[in-house]
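With this note's numbering, letter number 268 in the sequence shown gets 1724, and the count goes up by one each step, no holes.
Notes to accompany the following structure.
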Amino acid sequence: MAVAAVLSAIAAFAVWRTPGTRTGTLTLVETGTVPIEVGLRLDGLSAVVGLMVCLVALAVQVYSVAYLADDPRYSSYAAFISLFTSAMLLVVYAGDLLLLYVGWEVMGVCSYFLIGHHWEDRANSRAAVKAFLVTRLGDVGFLFGVFVLGAGARSFDIGEIAARAGTLPHATVTAAALLLLAGVAGKSAQFPLHTWLPDAMAGPTPISALIHAATMVAAGVYVVARVYGVFLAAPAALALLGAVAVVSMLGSALAALAQDDIKRVLAYSTISQLAVMAAGLAVGAWNGAIFHLLAHGAFKALLFLAAGCVIVTAGSNMLRHYGGLRTGMPITFWSMTIGLAALVGVPPVSGWFSKDSVIEAAQHAAAHGGEIASGVHIPAGVAWTVYAGLLLTAAVTAAYAMRLWLLTFFGEPRGGYEVREAPKLMSWTVAALAVPSAVLGFFGLGSAELRPHLGSAVVALLCAAVGAGAAFYIWNRDPAADPARVLGPARAVFARAFYVDELYAAAVVRPVRAVARQVVAVDRRGIDAAVVGAARGARRLAEPLRRPQNGNPQTYLTGLIAGIVLIAAGAVIFL
């Protein structure tokens, strides 16, 4: 991973010094219709995302040395992380959509093994199966979207598709974009295929950091950005993406507000932040969405690994078992404070810059009748909904981040464990990730689009201040109690994420199981009965024929002699 990080840094530096697109083809697979190009594509987008993937994966590998030091299956764990990272890099650097799809699917297989790493616990293996099946459901649509694009453009090459997207029939690009969104919703855990991500917390904490920060869930947003020209040619798909993003960002933020498991708080936070990126793409903020993807990769890896430090010290995932940890865990405290500030969007950390660029684009689109690019419009109602959703999400995000911060590090200790800093490999890794989380935003100052805009920044900060202030006020009245108590009956609804899993269980799982039971009954009483009956009939018919074949040579010899005698007697009598 260290070597891969160095090589990705060299590639990124080369693109920075000499901007442009570099391609290389290993071989061309002739299919008789649309050829498949096995080759790579390096440009500004792939260079910077590839560097982020390698750096976060390297941090996770280093962190895991201490976190899983006593794990008997550490070798397979480390191997799957490497394969998982290489698959994401294939997605990032692929020059052909089918080659990208290979990496896309290898990631899915690796996530199954990594989430279910502790497979001896039935809940973990079920979470792995759920993640695998839900993402595969979206991947069916994604694959057909790739086929539609390839057939329409007569090429799977990403550069060719981007060049021809505007000339393709409107129905073709719309169908392709909508099908691609199915895979994006699955991989990036957007409504309605988001339910696998919170359950994926069953895997080791470093895996949560890797999946949530730099790989897999970021892949969906990355693909939309990679073929953005297709979506600009299909405004209906962008409008749908914006609507899905609003539901995902606000619903997941409210769910995070009521969670007691620190990892599930961060999991729902990931769904919400990915929706912010999707919303940015929906309103034309391509640079802002990618900037937020990079910032999120840094601060979400920091938050998950810092949460792992807290879990190792406290021996529990539950916020109610924490409290007063800032004095005994100063490195984790200050690092996680930076991460939560970036998550909320507090200046001058990275999240403030990246979120502001998305909110500014949404504000612009709403004020200009849904215009997101020259000649490209989405419905004005969708643009206003996205803008309002971003502001509400900013307030709720600040509220749940403040709640997590206060319950973890302030108040009286609520556990009988010794409060001490995590092992150095873990705490130092967390401290290292705090640096890009704090300063990454300044790298966008060279672009006018990524600089903070006074109006949108003030409005977003006011929303965040309201959310954080409300959470602090409620906590300060009774520091021993959970601020989420004021949600009342709504807390149970938020904690269960609006009962979407229960709805799926009632509408999909139970009917499918009922049909499966009927199929088993028909198979047992019909098909199996006929097969077994035929076998029993054959055995009954063969039973009389089997009796002479008793394995006794004397009987066989006696029968042979008797036959010879009968034949000889018949010959004498009749001849």
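Where is the CB? At the ideal position from N, CA and C, for every residue including glycine.
For this session: Using the Cα positions of Thr1426 and Met1563, report the straight-line distance between them to the nearest angstrom.
Result: Outside the displayed span of the chain (1457 to 2031) sits residue 1426, for which this structure offers no information.
Exercise. Does the beta carbon of Asp1979 fall short of 7 Å from some heavy atom of the ligand FAD?
Worked result: As presented, the structure is devoid of all ligands, the ligand FAD included, so that no description of it is given.
Problem set entry | Where Gly1480 falls: helix, strand or coil (DSSP) | Working through the sequence shown from its first residue, we reach residue 1480 at position 24. Gly1480: strand per DSSP, three-state reduction.
Exercise. Is the Cβ-Cβ distance between Ala1829 and Gly1740 less than 8 Å?
Worked result: Your numbering for residue 1829 matches position 373 in the sequence shown. Your numbering for residue 1740 matches position 284 in the sequence shown. A distance below 8 Å separates the beta carbons of Ala1829 and Gly1740.
For this session: Quick one: grab the DSSP three-state call for Phe1901.
Result: The count along the sequence shown starts at 1 and reaches residue 1901 at position 445. Reading off the sequence shown, one finds Leu at residue 1901, where the question assumed Phe. In the structure shown, Leu1901 sits in coil (DSSP, three-state: anything other than H, G, I, E or B).
For this session: Please report the residue range of the alpha helix (DSSP H) in which Gly1597 lies.
Result: Taking the sequence shown and counting its residues from 1, one reaches residue 1597 at position 141. Gly1597 -> alpha helix (DSSP H) spans 1578 to 1609.
For this session: Determine the burial state of Phe2030: buried for a count of at least 16 other Cβ atoms within 10 Å of its Cβ, exposed for fewer.
Result: Taking the sequence shown and counting its residues from 1, the one referred to as residue 2030 is at position 574. Looking at its Cβ environment, which holds fewer than 16 other Cβ atoms inside 10 Å, Phe2030 is exposed.
Problem set entry | 8 Å Cβ shell around Ile1834 - same chain, five flanking residues per side excluded | On the sequence shown, position 378 is the one that residue 1834 refers to. Cβ within range, chain order: Pro1691, Leu1694, Ala1695, Gly1698, Ala1738, Val1739, Ala1821, Gly1826, Ile1828.
Exercise. Which partner residues does Arg1497 have in the DSSP bridge list?
Worked result: The residue given as residue 1497 occupies position 41 in the sequence shown. Residue pairing by DSSP places Arg1497 opposite Thr1479 in a beta bridge.
Exercise. Is there contact between the segment 1628 to 1637 and the segment 1662 to 1673, where contact requires at least three CB pairs shorter than 8 Å?
Worked result: No: the two stretches stay apart, fewer than three of their Cβ pairs being nearer than 8 Å.
Exercise. Closest by CA to Thr1793, which one among Ser1728, Ala1584, Leu1761, Val1686?
Worked result: What you label residue 1793 is simply residue 337 of the sequence shown in a count that begins at 1. Looking at the Cα atoms, Leu1761 is the closest of the given residues.
Exercise. Three-state secondary structure (DSSP) at Ala1723?
Worked result: Indexing the sequence shown from 1 puts residue 1723 at position 267. Taken through DSSP and simplified to helix, strand or coil, Ala1723 comes out as helix.
Exercise. Taking the DSSP output, what are the residues bridged to Ala1675?
Worked result: Walking along the sequence shown from the start, residue 1675 turns up at place 219. Beta-bridge partners assigned by DSSP to Ala1675: none are found.
Problem set entry | the segment 1866 to 1879 / the segment 1937 to 1951 touching (three or more Cβ pairs under 8 Å) | In short, these stretches do not touch, since the Cβ pair count stays below three.
Exercise. In three-state terms, what does DSSP make of Leu1640?
Worked result: For the purposes of this step, residue 1640 is taken as residue 184 along the sequence shown, with counting starting at 1. Note that residue 1640 is Val in the sequence shown, not Leu. Helix, per DSSP.
For this session: Out of Arg1876, Thr1788, Gly1572, point me to the one whose CA is closest to Thr1769's CA.
Result: Along the sequence shown, read from residue 1 onward, the residue named residue 1769 stands at position 313. Checking every option, the nearest Cα to that of Thr1769 belongs to Arg1876.
For this session: Kindly indicate which residue of Thr1591, Ala1631, Val1596 has the alpha-carbon position closest to the one of Ala1607.
Result: Indexing the sequence shown from 1 puts residue 1607 at position 151. The residue with the shortest Cα to Cα distance from Ala1607 is Ala1631.
Exercise. Hey, how far is the Cα of Leu1496 from the Cα of Leu1605?
Worked result: For the purposes of this step, residue 1496 is taken as the residue at position 40 of the sequence shown. For the purposes of this step, residue 1605 is taken as the residue at position 149 of the sequence shown. Distance between the alpha carbons of Leu1496 and Leu1605: 19 Å.
Exercise. Looking at the structure shown, is Glu1877 part of a helix, part of a strand, or coil, going by DSSP?
Worked result: For the purposes of this step, residue 1877 is taken as the residue at position 421 of the sequence shown. In the structure shown, the three-state DSSP call for Glu1877 is coil.
Exercise. Just checking my contact of Ala1745 with Ala1681 at CB under 8 Å: how many whole Å lie between their CB atoms?
Worked result: For the purposes of this step, residue 1745 is identified with residue 289 of the sequence shown, where counting begins at 1. For the purposes of this step, residue 1681 is identified with residue 225 of the sequence shown, where counting begins at 1. Yes, they are in contact, since the Cβ atoms of Ala1745 and Ala1681 sit about 6 Å apart, within 8 Å.
Exercise. Applying the criterion that 16 or more other CB atoms from any shown protein chain within 10 Å of the CB defines a buried residue, is His1573 buried or exposed?
Worked result: Here the question's residue 1573 lines up with position 117 in the sequence shown. By the 10 Å Cβ count, His1573 comes out buried.
Exercise. What residues are listed by DSSP as bridge partners for Glu1827?
Worked result: The count along the sequence shown starts at 1 and reaches residue 1827 at position 371. According to DSSP, which records beta bridges pairwise, Glu1827 is partnered with His1833.
Exercise. Would DSSP call Met1774 helix, strand or coil?
Worked result: Here residue 1774 refers to the residue found at position 318 of the sequence shown. Here Met1774 sits in strand by DSSP.
For this session: Select from Tyr1684, Val1978, Leu1710, Arg1720 the residue whose C-alpha is nearest the C-alpha of Thr1832.
Result: The residue given as residue 1832 occupies position 376 in the sequence shown. First, the residue type needs correcting, since residue 1832 is Val and not Thr in the sequence shown. Nearest to Val1832 by C-alpha distance, out of Tyr1684, Val1978, Leu1710, Arg1720, is Tyr1684.
Exercise. Residues in its own chain within less than 6 Å of Thr1481 by CB, not counting five upstream and five downstream?
Worked result: Counted from its first residue, the sequence shown places residue 1481 at position 25. For Thr1481, the CB contacts under 6 Å within the same chain, skipping 5 residues up- and downstream, are Glu1493, Gly1495 in chain order.
For this session: Could you pull the start and end residues of the alpha helix (DSSP H) that Thr1788 belongs to?
Result: Numbered from its first residue, the sequence shown carries residue 1788 at position 332. Unbroken alpha helix (DSSP H) run through Thr1788: 1786 to 1800.
Exercise. How many Å lie between Val1922 and Val1914 at the Cα?
Worked result: By one-based count along the sequence shown, residue 1922 stands at place 466. By one-based count along the sequence shown, residue 1914 stands at place 458. When rounded, the separation of the alpha-carbon atoms in Val1922 and Val1914 is 12 Å.
For this session: Measure the CB-CB distance between Ala1522 and Leu1758 and report whether it falls below 8 Å.
Result: By one-based count along the sequence shown, residue 1522 stands at place 66. By one-based count along the sequence shown, residue 1758 stands at place 302. The beta carbons of Ala1522 and Leu1758 sit no closer together than 8 Å.
Exercise. Taking just the CA atoms, how far does Ala1927 sit from Met1858?
Worked result: Reading the sequence shown from its first residue, position 402 is the one you call residue 1858. Reading the sequence shown from its first residue, position 471 is the one you call residue 1927. So the alpha carbons of these two residues sit roughly 6 Å apart.
Exercise. Anyone know if the C-beta pair for Ala1674 and Leu1553 falls short of 8 Å?
Worked result: Translated into positions along the sequence shown, residue 1674 becomes position 218. Translated into positions along the sequence shown, residue 1553 becomes position 97. Not a contact, by the Cβ cut-off of 8 Å.
Exercise. Taking the Cβ atom as the reference point for each residue, do Leu1461 and Leu1498 lie within a distance shorter than 8 Å?
Worked result: Mapped onto the sequence shown, residue 1461 falls at position 5. Mapped onto the sequence shown, residue 1498 falls at position 42. Reading off the sequence, residue 1461 comes out as Ala, not Leu. Result no, Cβ atoms of Ala1461 and Leu1498 do not sit closer than 8 Å.
Exercise. For Ser1531, is the classification buried or exposed, using 16 other Cβ atoms within 10 angstroms of its Cβ as the cut-off for buried?
Worked result: Position 75 of the sequence shown, counted from the first residue, corresponds to residue 1531. Exposed, since its Cβ has fewer than 16 Cβ neighbours within 10 Å.
For this session: Would you identify the three-state DSSP class for Val1988, choosing helix, strand or coil?
Result: For the purposes of this step, residue 1988 is taken as the residue at position 532 of the sequence shown. If DSSP states are grouped into helix, strand and coil, Val1988 belongs with the helices.
Exercise. Does the beta-carbon of Trp1472 have 16 or more other beta-carbons within 10 angstroms, so that it is buried, or is it exposed?
Worked result: Taking the first residue of the sequence shown as position 1, residue 1472 is located at position 16. Counting Cβ neighbours within 10 Å, Trp1472 comes out exposed, since fewer than 16 surround it.
Exercise. In the structure shown, what three-state DSSP assignment does Ala1525 receive?
Worked result: The residue you call residue 1525 lines up with position 69 of the sequence shown. Coil.
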